[in-house]
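This report refers to the structure that appears directly beneath it.
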Amino acid sequence: MNRKLAAEFFGTFWLVFGGCGSAVLAAGYPALGIGFAGVALAFGLTVLTMAYAVGGISGGHFKPAVSLGLAVAGRFNRADLLPYWVAQVLGGFAAAGVLYVIASGAPGFVAGGFASNGYGDLSPGKYGLLACLVAEVVLTAFFLIVILGSTAKGVPAGFAPIAIGLCLTLIHLVSSRSPTRRSIRRAPPPWRCLPAAAPWRSCGCSGWRRSPRRTWRLCLEDAARRRARGHARRSRAHRSLTAADEGERPACNGAGPLPRRPSFGIDGSDPRA
1 MNRKLAAEFF
11 GTFWLVFGGC
21 GSAVLAAGYP
31 ALGIGFAGVA
41 LAFGLTVLTM
51 AYAVGGISGG
61 HFKPAVSLGL
71 AVAGRFNRAD
81 LLPYWVAQVL
91 GGFAAAGVLY
101 VIASGAPGFV
111 AGGFASNGYG
121 DLSPGKYGLL
131 ACLVAEVVLT
141 AFFLIVILGS
151 TAKGVPAGFA
161 PIAIGLCLTL
171 IHLVSSRSPT
181 RRSIRRAPPP
191 WRCLPAAAPW
201 RSCGCSGWRR
211 SPRRTWRLCL
221 EDAARRRARG
231 HARRSRAHRS
241 LTAADEGERP
251 ACNGAGPLPR
261 RPSFGIDGSD
271 PRA
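Under the UniProt record's numbering, think of the first position of the sequence shown as 1, with each following residue one higher.
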(Lines of atoms letter the chains of each structure in order from A and count residues from 1; the text may use other names and numbers.)
(Lines give C-alpha, C1' and ligand atoms only; values in the text may rest on other atoms or scores of the structure.)
Protein backbone atom coordinates (compact mmCIF):
# COMPACT_ATOMS: atom_id res chain seq x y z
CA MET A 1 0.00 0.00 0.00
CA ASN A 2 2.84 2.39 0.77
CA ARG A 3 4.23 1.89 -2.73
CA LYS A 4 0.84 2.77 -4.23
CA LEU A 5 0.53 5.93 -2.16
CA ALA A 6 4.08 6.96 -3.04
CA ALA A 7 3.29 6.41 -6.72
CA GLU A 8 0.18 8.60 -6.45
CA PHE A 9 2.14 11.26 -4.60
CA PHE A 10 4.88 11.48 -7.22
CA GLY A 11 2.43 11.13 -10.10
CA THR A 12 0.32 14.03 -8.85
CA PHE A 13 3.46 16.01 -8.09
CA TRP A 14 4.61 15.60 -11.69
CA LEU A 15 1.18 16.49 -13.06
CA VAL A 16 1.04 19.74 -11.09
CA PHE A 17 4.70 20.60 -11.57
CA GLY A 18 4.65 19.92 -15.31
CA GLY A 19 1.19 21.25 -16.13
CA CYS A 20 0.94 24.24 -13.82
CA GLY A 21 4.67 24.86 -14.12
CA SER A 22 4.33 25.27 -17.87
CA ALA A 23 1.67 27.93 -17.30
CA VAL A 24 3.51 29.72 -14.51
CA LEU A 25 7.08 29.54 -15.80
CA ALA A 26 6.95 29.17 -19.58
CA ALA A 27 3.70 30.61 -20.94
CA GLY A 28 3.97 34.20 -19.76
CA TYR A 29 6.03 35.62 -22.61
CA PRO A 30 4.13 36.75 -25.73
CA ALA A 31 7.15 36.32 -28.03
CA LEU A 32 8.65 33.12 -26.66
CA GLY A 33 5.91 31.61 -24.49
CA ILE A 34 4.35 28.23 -25.24
CA GLY A 35 0.82 29.62 -25.23
CA PHE A 36 -2.47 27.89 -24.49
CA ALA A 37 -1.73 24.89 -26.69
CA GLY A 38 1.62 24.36 -25.01
CA VAL A 39 0.06 24.35 -21.54
CA ALA A 40 -2.60 21.88 -22.66
CA LEU A 41 0.04 19.63 -24.19
CA ALA A 42 2.10 19.80 -21.00
CA PHE A 43 -0.80 18.44 -18.96
CA GLY A 44 -1.34 15.61 -21.39
CA LEU A 45 2.34 14.70 -21.46
CA THR A 46 2.64 14.66 -17.68
CA VAL A 47 -0.23 12.20 -17.37
CA LEU A 48 1.06 10.08 -20.23
CA THR A 49 4.61 9.82 -18.89
CA MET A 50 3.66 9.10 -15.28
CA ALA A 51 0.98 6.59 -16.32
CA TYR A 52 3.70 4.57 -18.01
CA ALA A 53 6.15 5.18 -15.15
CA VAL A 54 4.05 4.30 -12.09
CA GLY A 55 0.66 3.32 -13.47
CA GLY A 56 1.47 -0.34 -12.95
CA ILE A 57 1.94 0.31 -9.23
CA SER A 58 -1.04 2.45 -8.22
CA GLY A 59 -3.24 2.51 -11.30
CA GLY A 60 -2.14 6.03 -12.22
CA HIS A 61 -5.07 8.05 -10.89
CA PHE A 62 -3.22 11.27 -9.95
CA LYS A 63 -6.57 13.06 -9.40
CA PRO A 64 -9.16 12.71 -6.62
CA ALA A 65 -11.99 12.89 -9.17
CA VAL A 66 -10.56 9.93 -11.07
CA SER A 67 -10.19 7.87 -7.90
CA LEU A 68 -13.80 8.65 -6.97
CA GLY A 69 -15.08 7.81 -10.43
CA LEU A 70 -13.25 4.50 -10.52
CA ALA A 71 -14.60 3.63 -7.06
CA VAL A 72 -18.18 4.40 -8.12
CA ALA A 73 -17.70 2.25 -11.24
CA GLY A 74 -16.51 -0.65 -9.09
CA ARG A 75 -12.99 -0.56 -10.53
CA PHE A 76 -11.30 0.63 -7.34
CA ASN A 77 -11.47 -0.43 -3.70
CA ARG A 78 -13.43 2.20 -1.79
CA ALA A 79 -11.44 1.53 1.36
CA ASP A 80 -8.37 2.94 -0.40
CA LEU A 81 -10.15 6.09 -1.52
CA LEU A 82 -9.23 8.35 1.41
CA PRO A 83 -5.52 7.35 1.49
CA TYR A 84 -5.29 7.97 -2.26
CA TRP A 85 -6.86 11.40 -1.84
CA VAL A 86 -4.43 12.33 0.90
CA ALA A 87 -1.45 11.25 -1.21
CA GLN A 88 -2.72 13.18 -4.23
CA VAL A 89 -3.43 16.38 -2.31
CA LEU A 90 -0.04 16.24 -0.60
CA GLY A 91 1.62 15.72 -3.98
CA GLY A 92 -0.20 18.77 -5.34
CA PHE A 93 0.84 20.89 -2.36
CA ALA A 94 4.45 19.78 -2.68
CA ALA A 95 4.56 20.63 -6.39
CA ALA A 96 2.94 24.02 -5.76
CA GLY A 97 5.54 24.72 -3.08
CA VAL A 98 8.41 23.84 -5.40
CA LEU A 99 6.94 26.02 -8.14
CA TYR A 100 6.61 28.88 -5.68
CA VAL A 101 10.27 28.59 -4.71
CA ILE A 102 11.36 28.56 -8.35
CA ALA A 103 9.07 31.36 -9.54
CA SER A 104 9.84 33.60 -6.56
CA GLY A 105 13.46 33.75 -7.70
CA ALA A 106 12.47 36.04 -10.56
CA PRO A 107 12.59 39.83 -10.03
CA GLY A 108 9.21 41.44 -9.61
CA PHE A 109 7.53 38.17 -8.64
CA VAL A 110 4.04 38.44 -7.14
CA ALA A 111 2.37 35.46 -5.46
CA GLY A 112 -1.19 35.11 -6.62
CA GLY A 113 -3.55 32.52 -8.05
CA PHE A 114 -0.62 30.51 -9.38
CA ALA A 115 -2.49 28.59 -12.10
CA SER A 116 -5.58 27.88 -10.03
CA ASN A 117 -9.25 28.31 -10.88
CA GLY A 118 -11.47 31.35 -10.84
CA TYR A 119 -14.97 32.45 -11.79
CA GLY A 120 -16.72 35.77 -12.15
CA ASP A 121 -14.15 38.56 -11.91
CA LEU A 122 -11.41 35.94 -11.48
CA SER A 123 -12.20 34.31 -14.83
CA PRO A 124 -10.55 35.76 -17.97
CA GLY A 125 -13.91 35.58 -19.73
CA LYS A 126 -15.83 36.62 -16.56
CA TYR A 127 -17.86 33.40 -16.67
CA GLY A 128 -20.24 32.85 -13.77
CA LEU A 129 -20.18 30.07 -11.22
CA LEU A 130 -22.85 28.00 -12.99
CA ALA A 131 -20.98 28.01 -16.30
CA CYS A 132 -17.78 26.97 -14.56
CA LEU A 133 -19.48 24.15 -12.68
CA VAL A 134 -21.11 22.83 -15.86
CA ALA A 135 -17.78 22.91 -17.69
CA GLU A 136 -16.00 21.11 -14.86
CA VAL A 137 -18.67 18.41 -14.55
CA VAL A 138 -19.00 17.74 -18.28
CA LEU A 139 -15.27 17.66 -19.00
CA THR A 140 -14.55 15.49 -15.96
CA ALA A 141 -17.31 13.08 -16.96
CA PHE A 142 -15.87 12.60 -20.44
CA PHE A 143 -12.39 12.25 -18.99
CA LEU A 144 -13.63 9.39 -16.80
CA ILE A 145 -15.42 7.81 -19.76
CA VAL A 146 -12.14 7.73 -21.68
CA ILE A 147 -10.29 6.30 -18.68
CA LEU A 148 -12.86 3.57 -18.06
CA GLY A 149 -13.12 2.70 -21.74
CA SER A 150 -9.40 2.61 -22.48
CA THR A 151 -8.66 0.43 -19.44
CA ALA A 152 -11.56 -2.00 -19.89
CA LYS A 153 -11.10 -5.68 -20.61
CA GLY A 154 -10.64 -6.53 -24.26
CA VAL A 155 -8.97 -3.23 -25.08
CA PRO A 156 -5.37 -3.60 -26.34
CA ALA A 157 -3.03 -3.17 -23.40
CA GLY A 158 -0.43 -0.44 -23.36
CA PHE A 159 -2.40 2.22 -25.22
CA ALA A 160 -4.50 3.55 -22.35
CA PRO A 161 -1.96 6.20 -21.22
CA ILE A 162 -1.87 7.62 -24.76
CA ALA A 163 -5.66 7.93 -24.95
CA ILE A 164 -5.87 9.41 -21.45
CA GLY A 165 -3.07 11.90 -22.07
CA LEU A 166 -4.59 13.06 -25.36
CA CYS A 167 -8.00 13.38 -23.71
CA LEU A 168 -6.57 15.60 -20.97
CA THR A 169 -4.85 17.70 -23.63
CA LEU A 170 -8.14 18.13 -25.47
CA ILE A 171 -9.92 19.07 -22.24
CA HIS A 172 -7.45 21.85 -21.58
CA LEU A 173 -7.67 23.06 -25.17
CA VAL A 174 -11.45 23.29 -24.85
CA SER A 175 -11.40 25.08 -21.51
CA SER A 176 -8.13 26.99 -21.81
CA ARG A 177 -9.63 30.38 -22.63
CA SER A 178 -12.69 29.92 -20.48
CA PRO A 179 -14.48 29.49 -18.21
CA THR A 180 -12.25 28.92 -15.18
CA ARG A 181 -8.60 29.11 -16.12
CA ARG A 182 -6.23 31.73 -14.79
CA SER A 183 -2.58 32.00 -13.91
CA ILE A 184 -0.42 34.62 -12.28
CA ARG A 185 3.20 35.61 -12.10
CA ARG A 186 5.32 38.50 -13.31
CA ALA A 187 4.25 38.38 -16.97
CA PRO A 188 2.81 41.32 -18.97
CA PRO A 189 -0.91 41.92 -18.39
CA PRO A 190 -2.36 40.15 -21.46
CA TRP A 191 -0.54 37.00 -20.41
CA ARG A 192 -0.59 37.50 -16.65
CA CYS A 193 -4.08 36.05 -16.48
CA LEU A 194 -3.24 33.27 -18.90
CA PRO A 195 -5.63 30.35 -18.57
CA ALA A 196 -4.02 27.33 -17.01
CA ALA A 197 -4.79 24.39 -14.82
CA ALA A 198 -7.92 23.23 -13.05
CA PRO A 199 -6.98 22.18 -9.52
CA TRP A 200 -9.51 19.68 -8.29
CA ARG A 201 -10.32 18.10 -11.63
CA SER A 202 -6.71 17.93 -12.73
CA CYS A 203 -4.78 17.22 -9.59
CA GLY A 204 -6.62 17.84 -6.38
CA CYS A 205 -4.53 20.84 -5.45
CA SER A 206 -2.91 22.49 -8.41
CA GLY A 207 -2.53 26.07 -7.33
CA TRP A 208 -0.97 28.16 -4.65
CA ARG A 209 -4.29 29.77 -3.70
CA ARG A 210 -3.18 33.02 -2.18
CA SER A 211 -4.96 36.39 -2.39
CA PRO A 212 -6.95 35.75 -5.61
CA ARG A 213 -8.73 39.11 -5.49
CA ARG A 214 -5.42 40.88 -4.97
CA THR A 215 -4.06 38.92 -7.92
CA TRP A 216 -6.80 40.13 -10.24
CA ARG A 217 -6.43 43.70 -8.99
CA LEU A 218 -2.73 43.58 -9.83
CA CYS A 219 -3.60 42.40 -13.34
CA LEU A 220 -5.93 45.34 -13.86
CA GLU A 221 -3.45 47.82 -12.38
CA ASP A 222 -0.69 46.59 -14.68
CA ALA A 223 -2.99 46.85 -17.68
CA ALA A 224 -3.89 50.43 -16.69
CA ARG A 225 -0.22 51.36 -16.36
CA ARG A 226 0.53 49.94 -19.79
CA ARG A 227 -2.34 51.91 -21.31
CA ALA A 228 -1.10 55.08 -19.60
CA ARG A 229 2.42 54.56 -20.94
CA GLY A 230 1.06 53.97 -24.44
CA HIS A 231 -1.04 57.14 -24.21
CA ALA A 232 2.01 59.13 -23.08
CA ARG A 233 4.05 57.83 -26.03
CA ARG A 234 1.31 58.73 -28.48
CA SER A 235 1.04 62.21 -26.95
CA ARG A 236 4.77 62.82 -27.34
CA ALA A 237 4.66 61.63 -30.94
CA HIS A 238 1.70 63.93 -31.64
CA ARG A 239 3.50 66.93 -30.13
CA SER A 240 6.57 66.19 -32.25
CA LEU A 241 4.51 66.04 -35.43
CA THR A 242 2.71 69.26 -34.48
CA ALA A 243 6.00 71.05 -33.89
CA ALA A 244 7.29 69.86 -37.26
CA ASP A 245 4.17 71.11 -39.01
CA GLU A 246 4.65 74.55 -37.41
CA GLY A 247 8.14 74.86 -38.85
CA GLU A 248 10.18 73.46 -35.99
CA ARG A 249 11.98 70.19 -35.57
CA PRO A 250 12.37 68.74 -32.04
CA ALA A 251 15.97 68.72 -30.88
CA CYS A 252 17.67 65.42 -30.13
CA ASN A 253 19.67 66.54 -27.11
CA GLY A 254 17.19 68.84 -25.38
CA ALA A 255 18.80 72.00 -26.79
CA GLY A 256 15.52 73.44 -27.99
CA PRO A 257 13.78 73.28 -31.36
CA LEU A 258 15.86 73.48 -34.49
CA PRO A 259 14.82 75.53 -37.51
CA ARG A 260 13.34 73.61 -40.39
CA ARG A 261 15.70 73.12 -43.33
CA PRO A 262 14.61 75.42 -46.19
CA SER A 263 13.32 73.75 -49.33
CA PHE A 264 14.53 74.89 -52.76
CA GLY A 265 12.94 74.70 -56.14
CA ILE A 266 13.91 72.36 -58.92
CA ASP A 267 16.19 75.00 -60.44
CA GLY A 268 17.94 75.58 -57.10
CA SER A 269 16.31 78.95 -56.44
CA ASP A 270 15.14 79.91 -52.98
CA PRO A 271 11.35 80.31 -53.05
CA ARG A 272 11.55 82.71 -50.09
CA ALA A 273 13.61 85.26 -52.09
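From the three backbone atoms N, C-alpha and C, an ideal C-beta is built for every residue, glycine too.
So residue i packs on residue j, CB below 8 Å; how close in whole Å?
i           : j           : result
residue 47  : residue 168 : 5 Å
residue 151 : residue 92  : Not quite, the Cβ-Cβ distance comes to about 23 Å (not below 8 Å), so this is no contact.
residue 25  : residue 102 : 7 Å
residue 64  : residue 88  : 6 Å
residue 50  : residue 85  : That belief does not hold up - the Cβ atoms of residue 50 and residue 85 are roughly 17 Å apart, past 8 Å.
residue 135 : residue 175 : 6 Å
residue 147 : residue 164 : 6 Å
residue 129 : residue 120 : 7 Å
Going by Cα to Cα distance, which pick from the options is closest to residue i?
i           : options            : result
residue 67  : 57, 82 and 56      : 82
residue 41  : 172, 2, 137 and 72 : 172
residue 276 : 70, 57 and 38      : Because the chain is modelled from 1 through 273, residue 276 falls outside the range shown and cannot be assessed.
residue 6   : 44, 57 and 37      : 57
residue 97  : 59, 20 and 228     : 20
residue 23  : 53, 9, 60 and 99   : 99
residue 36  : 62, 170 and 228    : 170
residue 62  : 38, 34, 18 and 79  : 18
residue 53  : 3, 95, 77 and 34   : 3
residue 157 : 94, 55 and 143     : 55
residue 94  : 228, 235, 1 and 9  : 9
residue 44  : 166, 232 and 228   : 166
residue 80  : 1, 236 and 34      : 1
residue 153 : 232, 139 and 75    : 75
residue 60  : 160, 228 and 78    : 160
At the 8 Å Cβ level, is residue i part of the contact set with chain C, yes or no?
i          : result
residue 54 : Protein chains in the displayed structure number just one, and chain C is not present.
Any heavy atom of the ligand GDP inside 7 Å of the beta-carbon of residue i?
i          : result
residue 64 : No copy of the ligand GDP appears in this structure; indeed no ligand is present at all.
Practice task
With a floor of 4 residues, list each alpha helix (DSSP H) that falls wholly inside the region 20–107, ordered by position along the chain.
Solution key: 35–58, 64–72 and 81–103
Exercise for the section: Any chance you could list the alpha helix (DSSP H) runs of at least 4 consecutive residues sitting entirely within the region 127–184, in chain order? Expected result: 129–150 and 160–175
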